[in-house]
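Heads up, the thing below is written out as structure tokens.
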Amino acid sequence: MSRSFSLVAFSVFLALIMALMPLPFSLEPFRPDWVLLVLMYWSIAIPHRVNIGWAWCTGLIMDLAVGSPLGINSLTYSVCIYITVSNFQKLRNFSLWQQAMLIGLFLALYHLLQFWLNHFLLDIYFDPAYLWPALIGMCCWPWIFLLLRKYRRHFRIR
5 MSRSFSLVAF
15 SVFLALIMAL
25 MPLPFSLEPF
35 RPDWVLLVLM
45 YWSIAIPHRV
55 NIGWAWCTGL
65 IMDLAVGSPL
75 GINSLTYSVC
85 IYITVSNFQK
95 LRNFSLWQQA
105 MLIGLFLALY
115 HLLQFWLNHF
125 LLDIYFDPAY
135 LWPALIGMCC
145 WPWIFLLLRK
155 YRRHFRIR
């Protein structure tokens with residue numbers, strides 16, 4: 005059990021590093037939500053281990069790392085992971101491209117919830133370019149899914 009926990013935690017840690025890695029200013033609006041994509045994969049693959057608690061703790065770490073108001077990422081990650089965990093059996097039966105479309109919708113929900121919370125707390129205004137990471141994440145989902153599935157099978161994470 006502790007081996008599985010540490011291997012999943014390592015993959016989430018790598019996603020955190022990729023989320024915090026600096027990008028050129030012109031590419032920053034197109035950065036996919038690596039952490040949420042990895043959490044979604046694990047919540048579909050092993051929902052009995054990676055669930056809302058993981059999402060909440062990872063969101064708090066992300067809030068501290070990026071300096072956003074405490075709890076915004078936690079709440080939005082938790083909502084998205086709740087949806088994936090509660091529907092994991094349906095999501096598993098979809099093809100990879102159908103999953104990518106649904107993941108794109110979940111990522112759009114994540115960004116809209118994040119905008120809504122930031123709008124009330126920080127008084128920001130909506131820009132349609134705010135949804136680019138959802139589209140990019142949707143396109144990255146098949147590769148993330150296949151990579152993490154190979155990782156899970158190689159290390160026999162259950």
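Numbering of the sequence shown is given in my numbering, commencing with residue 5 and proceeding in unit increments.
Each residue gets a CB set at the ideal place from its N, CA and C atoms; glycine is no exception.
Under the three-state reduction of DSSP, which class applies to Phe110: helix, strand or coil? Start at 1 with the first residue of the sequence shown, and residue 110 comes out as number 106. DSSP places Phe110 in helix when its eight states are reduced to three.
Nearest to Arg53 by CA position, among Leu150, Ser6, His158, Leu40, is which residue? Here residue 53 refers to the residue found at position 49 of the sequence shown. Closest option to Arg53, Cα to Cα, is Ser6.
Is Ile48 helix, strand or coil by DSSP? As a position in the sequence shown, residue 48 is number 44, starting the count at 1. Assignment of Ile48 by DSSP, reduced to helix, strand and coil, places it in the helix class.
Between the segment 125 to 139 and the segment 153 to 161, are three or more C-beta pairs nearer than 8 Å? The segment 125 to 139, when compared against the segment 153 to 161, does not touch it at the 8 Å Cβ threshold.
Spatial neighbours of Ile165 within its chain, please: CB distance less than 6 Å, with the 5 preceding and 5 following residues excluded, ordered by chain position. Any question about residue 165 goes unanswered here, given that the chain covers just 5 to 162.
Within 10 Å of its beta-carbon, does Asn97 have 16 or more other beta-carbons around it, so buried, or fewer, so exposed? Translated into the one-based positions of the sequence shown, residue 97 becomes position 93. Exposed.
Where Tyr129 sits in the DSSP three-state scheme: Here residue 129 corresponds to residue number 125 of the sequence shown, with the count starting at 1. Looking at Tyr129 - three-state DSSP - the assignment turns out to be coil, as it is neither helix nor strand.
Just how far apart, CA to CA, sit Leu74 and Trp147? To locate residue 74, count along the sequence shown from 1; it is residue 70. To locate residue 147, count along the sequence shown from 1; it is residue 143. The alpha-carbon atoms of Leu74 and Trp147 are separated by roughly 31 Å.
In the structure shown, what three-state DSSP assignment does Val16 receive? Numbered from 1 along the sequence shown, position 12 holds the residue referred to as residue 16. Three-state result, Val16: helix.
For the segment 53 to 71 against the segment 115 to 135, do three or more pairs of beta-carbon atoms, one drawn from each stretch, fall closer than 8 Å, so that the two count as touching? No, they do not touch.
If I measure Cβ to Cβ from Trp60 and keep anything under 6 Å in the same chain, skipping five residues before and after, which residues do I get? Stepping through the sequence shown from its first residue, residue 60 is reached at position 56. Excluding positions up to five away in sequence, the list reads Ser78, Ser82.
Here's the rule I'm using: 16 or more other beta-carbon atoms within 10 Å means buried, otherwise exposed. How should Phe110 be labelled? Numbered from 1 along the sequence shown, position 106 holds the residue referred to as residue 110. Note on Phe110: 16 or more other CB atoms within 10 angstroms of its CB, so buried under the neighbour-count rule.
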